[in-house]
Structure formats: C-alpha cells, structure tokens
Amino acid sequence: MIRLHYRPTALFHFKRLDATNKGALTLPMPTPYAVRAAFLAVSDDPAATFPAVKEKRIVVRPPASIVVNPCWVKILDLKRGEAAERRKWDNPEATAEYQRTMSLREYAFIPGDGSADLHIYFDSLDGIEDLPPRVNYFGKRGSFVQYTGHDEADPPLEPEEGLVFELEDFSENASWDRVNVYSGNRPPRERFTQRAQPALTVRGVKHTLYRF
C-alpha cells in the first residue's frame with residue numbers, strides 16, 4: 371500500500387465518536403471518514419473527485435509514540451433546567467441562553483521530528499495524486515499537520531488484543547449529495563472497531579505515554 375506521512379505541527383485532538391460537549395477524549399489518529407472528507411475539502415472539484423476518493427481502501431494506525439494530556443477547559447454550554455425552559459416557552463423567538471462551565475478535553479503530543487508521523491495507508495492514489503500535499507488538518511481545524519511525502523509499506527497487522535478504538539468510514543450507499551456538508555443531509559457513516567496494542571504505556575498524574 372501507499373503510506374502517506376503527515377507530521378503534526380500542533381497538539382493533536384480528534385474527538386472520539388462518543389464525545390459530548392462536557393467530555394471529549396481524543397483518538398490517537400483520524401478516522402477513514404475524516405481522511406476522505408479532508409481530501410474532498412482540498413479538491414478543486416469535490417463532486418468530480420468523490421468517486422475516486424470513495425473507492426479507495428484507507429487504513430489508519432496510531433503513531434509510533436504519543437503522549438495524551440487531559441485538561442479542563444472553560445466552555446459556553448446551553449442553559450438547561452426548568453427556568454430556562456419556561457423562559458423559552460414564554461418567548462419562543464428569544465435567542466438561546468448559555469452559561470459558563472467546565473469541560474474535559476484531551477490533547478495529544480506527537481513528536482515532530484519524524485519519528486512518529488501520522489501514517490495514512492491508501493491502496494492507490496489514482497485520480498487523487500495532487501491532493502495529499504494540500505491536506506493540513508483532519509477533522510476540525512486546529513490539529514494542523516504537514517505532508518512530508520509517501521512511500522510503499524504495508525500497515526501493521528491489527529492485534530487480537532489491545533486498546534479498542536471506534537472509528538467510522540463512508541457507508542456503501544454514500545453519495546456526493548449525501549456527503550456534501552452544504553446539502554443539509556445527514557452523511558451516511560459506517561462505524562467499526564479497531565485494536566492497537568501499545569508496546570509501552572507510562573502513566574503520570576497529567577499524561578499517558580503510548581508507544582505502539
């Protein structure tokens with residue numbers, strides 16, 4: 371397979387699929403769905419590029435080394451409760467009310483020296499050869515990466531035991547009209563699980579180091 375190398379230039383954060391507004395732990399790598407979406411986002415003609423992006427087999431694996439840091443951040447959250455509901459009922463046109471609260475987030479440090487790049491495996495780059503260098507983030511903007519090249523390599527085999535990650539990808543019936551974020555449709559997603567066995571795990575008070 372073709373292995374794309376992306377070097378993190380900032381702390382990495384990609385919300386797990388079970389994330390909520392009050393708690394958003396991170397995956398150690400982007401999902402195949404996010405990879406396809408990133409390629410479509412940088413295409414000059416995403417509708418025409420969609421068939422080539424959809425047909426590719428994509429495999430993601432955690433980086434060789436990653437340090438996960440949990441932290442509490444201040445956010446604005448919708449006010450809930452009887453009083454807020456009563457005010458909304460009395461004035462349906464009123465804007466939503468927000469309150470300050472705390473939320474748990476995880477941010478991951480991935481060495482930027484080339485020893486632990488994010489690796490994305492493609493079975494082929496036919497029809498999308500010019501897109502890999504254009505991608506500079508996966509998921510929401512913020513976890514920036516830099517494309518550093520590609521080579522040929524097979525992805526590490528998935529172990530029978532280890533950490534279990536829930537990922538997602540395009541479903542079989544995905545079409546451009548349904549995937550397009552401006553269409554108003556709910557994108558068709560297919561969830562699956564993937565395992566990874568860390569060779570070393572070191573836990574501290576405010577961090578966890580994984581080496582895969």
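For reference, each letter of the sequence shown is one residue, going 371 to 582 in the working numbering.
Quick reminder that beta carbons are idealized off the backbone N, C-alpha and C, glycines included.
Can you tell me the Cα-Cα spacing of residue i and residue j, whole angstroms?
{"i": "leucine 533", "j": "alanine 422", "result": "32 Å"}
{"i": "valine 551", "j": "valine 412", "result": "14 Å"}
{"i": "glutamate 538", "j": "proline 400", "result": "10 Å"}
{"i": "histidine 383", "j": "threonine 571", "result": "19 Å"}
{"i": "proline 502", "j": "alanine 523", "result": "17 Å"}
{"i": "glycine 574", "j": "glycine 393", "result": "20 Å"}
{"i": "glycine 484", "j": "tyrosine 376", "result": "9 Å"}
{"i": "leucine 387", "j": "proline 402", "result": "13 Å"}
{"i": "arginine 548", "j": "valine 515", "result": "27 Å"}
{"i": "aspartate 447", "j": "asparagine 391", "result": "8 Å"}
{"i": "proline 378", "j": "valine 438", "result": "14 Å"}
{"i": "glutamate 467", "j": "glutamate 531", "result": "46 Å"}
{"i": "arginine 553", "j": "aspartate 500", "result": "Correcting the residue identity first, residue 553 is serine in this sequence and not arginine. Roughly 26 Å separates the two Cα atoms."}
{"i": "arginine 450", "j": "serine 473", "result": "16 Å"}
{"i": "aspartate 414", "j": "tyrosine 507", "result": "17 Å"}
For residue i, count neighbouring Cβ atoms within 10 angstroms of its own Cβ and tell me buried if that reaches 16, exposed if not.
{"i": "valine 430", "result": "buried"}
{"i": "glycine 509", "result": "buried"}
{"i": "arginine 561", "result": "exposed"}
{"i": "serine 513", "result": "buried"}
{"i": "glutamine 567", "result": "exposed"}
{"i": "alanine 569", "result": "exposed"}
Determine whether the beta carbon atoms of residue i and residue j lie at a separation below 8 Å.
{"i": "proline 398", "j": "isoleucine 436", "result": "yes"}
{"i": "arginine 470", "j": "valine 443", "result": "no"}
{"i": "isoleucine 498", "j": "phenylalanine 420", "result": "no"}
{"i": "leucine 579", "j": "tyrosine 477", "result": "no"}
{"i": "valine 505", "j": "tyrosine 491", "result": "no"}
{"i": "proline 558", "j": "phenylalanine 535", "result": "no"}
{"i": "histidine 577", "j": "leucine 374", "result": "no"}
{"i": "arginine 565", "j": "proline 529", "result": "yes"}
{"i": "proline 433", "j": "leucine 488", "result": "yes"}
Take residue i and list the residues in its own chain whose beta-carbon comes closer than 7 Å to its own, dropping the five residues that flank it on each side.
{"i": "glutamate 481", "result": "Note that residue 481 corresponds to proline in the displayed sequence, not to glutamate. Excluding sequence neighbours, proline 481 sits near Ser435."}
{"i": "proline 526", "result": "Arg431"}
{"i": "lysine 426", "result": "Phe492, Asp493, Ser494"}
{"i": "leucine 395", "result": "Arg386, Ala389, Glu476"}
Taking only beta-carbon positions, decide if residue i is within less than 8 Å of chain C.
{"i": "proline 481", "result": "This model lacks chain C altogether, as it is built from one protein chain only."}
Please work out which residues of its chain come closer than 8 Å, Cβ to Cβ, to residue i, disregarding the five sequence neighbours upstream and downstream, and give them in chain order.
{"i": "tryptophan 546", "result": "Pro416, Ala417, Phe420"}
{"i": "isoleucine 372", "result": "Tyr491, Phe492, Asp493, Ser494, Leu495, His520, Asp521, Glu522"}
{"i": "lysine 424", "result": "Arg406, Phe540, Ala544"}
{"i": "arginine 556", "result": "Arg548"}
{"i": "threonine 563", "result": "Val534, Phe535, Glu536, Leu537"}
{"i": "isoleucine 445", "result": "Asn391, Arg470, Thr471, Met472, Ser473"}
{"i": "arginine 511", "result": "none"}
Looking only at its own chain, which residues have a Cβ that is under 6 Å from the Cβ of residue i, when we skip the five neighbours before and after it?
{"i": "valine 405", "result": "Ile428, Ile490"}
{"i": "alanine 486", "result": "Pro433, Ala434, Ser435, Ile480"}
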